[in-house]
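**Q**
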Amino acid sequence: MKTTVGIIGAGPAGLLLARLLLKAGIESVVIETKDREYVEHRQRAGILEQGSVDTLRECGAGERMDKEGIPHDGIELLFDEVRYPIHFPSLTGGRRVMIYAQTEVCKDLIALQLKEGGPLFFETAVKEVRDAKSSKPKIVFRRKDATEDEVLECDYVVGCDGYWGVARQAIPKELVREYEKNYPFAWLGIMADVPPSNEELIYARHDRGFTLLSMRSPTVSRNYIQVPAGTDIKEWSDDAIWDEIEARTKTNDGWKVQRGPIFQKSVTPMRSYVHEPMQYGNLFLAGDAAHIVPPTGAKGLNLAVGDVVTFARAIKHKVDTGSDDLLQGYSDQCLRRVWQAERFSYDMTNLLHTSPDETPFEHKLQTAKLWRMTSQPSAETDLAMGYTGFPL
Ligand code: RFL
Ligand code: PHB
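With mature numbering (1 follows the signal peptide of the UniProt record, and there is no 0) applied, the sequence shown corresponds to residues -28 to -1, 1 to 364, in that order.
#1: What does a CB cutoff of less than 6 angstroms around Pro156 pick up in its chain, not counting 5 residues either side in sequence?
#2: Leaving out five residues on either side along the sequence, give the residues of the same chain with a beta carbon under 6 angstroms from the beta carbon of Ala164.
#3: From the DSSP output, in three-state form, read off Pro57 for me.
#4: Under 7 angstroms: does the beta carbon of Gln74 sit that close to some heavy atom of the ligand RFL?
#5: My guess is that Phe283 and Tyr302 are in contact by the Cβ rule of under 8 angstroms, so how many angstroms apart are they, rounded?
#6: Apart from the five residues just before and just after Val77, which ones in its own chain have a Cβ nearer than 6 angstroms to its Cβ?
#7: Does the pairing of the region 172 to 183 with the region 243 to 261 give three or more beta-carbon distances under 8 angstroms?
#8: Is the region 69 to 85 touching the region 39 to 54 in the sense that three or more CB pairs, one from each, lie closer than 8 angstroms?
#9: Got a sec, what are the start and stop residues for the alpha helix (DSSP H) Gln74 sits in?
#10: DSSP state of Leu364, grouped into three classes?
#11: Using 7 angstroms as the cut-off, classify the Cβ of Leu355 as near or not near the heavy atoms of the ligand PHB, replying yes or no.
#12: Note the first and the last residue of the continuous alpha helix (DSSP H) segment covering Gln338.
#13: List the endpoints of the continuous beta strand (DSSP E) containing Gln300.
#14: Just to confirm the assignment, what range does the alpha helix (DSSP H) spanning Tyr155 have?
#15: For the ligand PHB, list every residue whose C-beta falls under 5 angstroms from any of its heavy atoms, going in chain order.
#16: Does the region 340 to 355 touch the region 46 to 66, meaning 3 or more C-beta pairs lie closer than 8 angstroms?
#17: Whose C-alpha, out of Glu314, Phe93 and Ser62, is nearest the C-alpha of Ala(-11)?
#18: Closer than 8 angstroms is the cut-off here; do at least three beta carbon pairs connect the region 168 to 178 with the region 218 to 233?
#19: Going by the C-beta, is Asn274 closer than 7 angstroms to any heavy atom of the ligand RFL?
#20: Using the C-alpha atoms, what's the distance from Leu(-8) back to Ala83?
Printed below as a string of structure tokens:
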């Protein structure tokens, strides 16, 4: 079997890349280890930056997003029982964000791919990438219930296989630098059948820990609380979760979070990670396969979009002009944006979470930073620019 671009993984990175390549007239094959149902229901990101929204629209995948997505003009920061709005369009020259769940982005892209695009194999595990340095890199994979491996010969392979994927193992260890930070806390996330308690998302700093109030639709809330790393979800009853959210989001103006039945809950560890370089020969890495950010800045999915847009432009340039300048520069180009998102996500995380070994001095500094962020136009603008996204 042969193709131009072999794509490993049908998360948002792999699916969007397949769509962008289709639009550019470039053939691809997508190979995904999980089944369709699993990929379409994996609860993760909720916020799309302006650039991601524009990309989905431009490639013809924005129709349902424009009907069902919820545009947002800002967020609120809550600390010392007071809510402070940060209004994005006035601070950024008109940029906003959109609540449209990753599950929905994946559903839309899968439906389009199956209707209009090239092959997309579910329940097919990639075992390894071979000959990455050659002009014909190969993907070795095995379909469900098969007893033998098959090989897909490609001109280019893109590893969109997330943090636990196999693609980056094909890059020789001596060429790789990994940068990593693990945080001493995690996020316990819930989905609840109750309308969002507030029009905008609330990011709350409290001595008991961070809380985020988000949403999925006008009738479904998506909330998170900071918990110690290693927390077992079984330690938390639904009532205890709501009690904790209520305590951490108490305000002095009478506003209160609304409770409702919880229908899904899970704990996610917090990690920062960058793998350099993001390419080797004709193997390229995109999305979580190359970098992880803690979710506080809502950047993970948006970084994945940035990577695949960069790759699609580079290969189109090669097809149109014969020059592989842009392909050669892929890793450097992506990493500039990746490190800005790493910095932003790290700062947002430290600004809002309590740390077990935090000193009273550090606690005061955190409050000083929050005051600055809610009263100094330059600091507010910096937050708004970072949140709405770095240019693609
Ligand atoms: P994914 O989504 O992990 O997809 C990788 C795919 O590769 C498949 N795979 C393989 N397939 C074949 N063979 C193999 N050997 C394979 N190994 C793996 C996997 O099954 C999977 O389908 O990576 P991708 O596409 O790079 O997308 C990245 C995003 O999923 C991630 O960055 C975001 O979800 C992060 N994130 C958020 N990002 C945002 O931009 N905004 C947010 O508001 C936001 N909130 C979040 C988040 C992540 C969270 N969790 C659970 C980590 C909130 C949370 C709680
Ligand atoms: C979400 O709605 O899942 C969400 C929103 C904002 C974040 C992280 C997650 O920073």
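Built from N, CA and C at the ideal position, the CB exists for glycine as well. Being a predicted model, the structure only gives us computed values, none of them experimental.
**A** In terms of the structure at hand:
#1: Ala201 and Pro328
#2: Ser193, Gly232 and Ile234
#3: strand
#4: yes
#5: 6 angstroms
#6: Pro(-17)
#7: no
#8: yes
#9: Gln74 to Glu88
#10: coil
#11: no
#12: Pro332 to Ser347
#13: No beta strand (DSSP E) contains Gln300, which is instead part of the alpha helix (DSSP H) from Asp297 to Gln300.
#14: Element bounds for Tyr155: not the alpha helix (DSSP H) but the beta strand (DSSP E), Arg149 to Ala164.
#15: Gly18, Ile19, Ser186, Arg194, Pro267 and Ala270
#16: yes
#17: Phe93
#18: yes
#19: yes
#20: 16 angstroms
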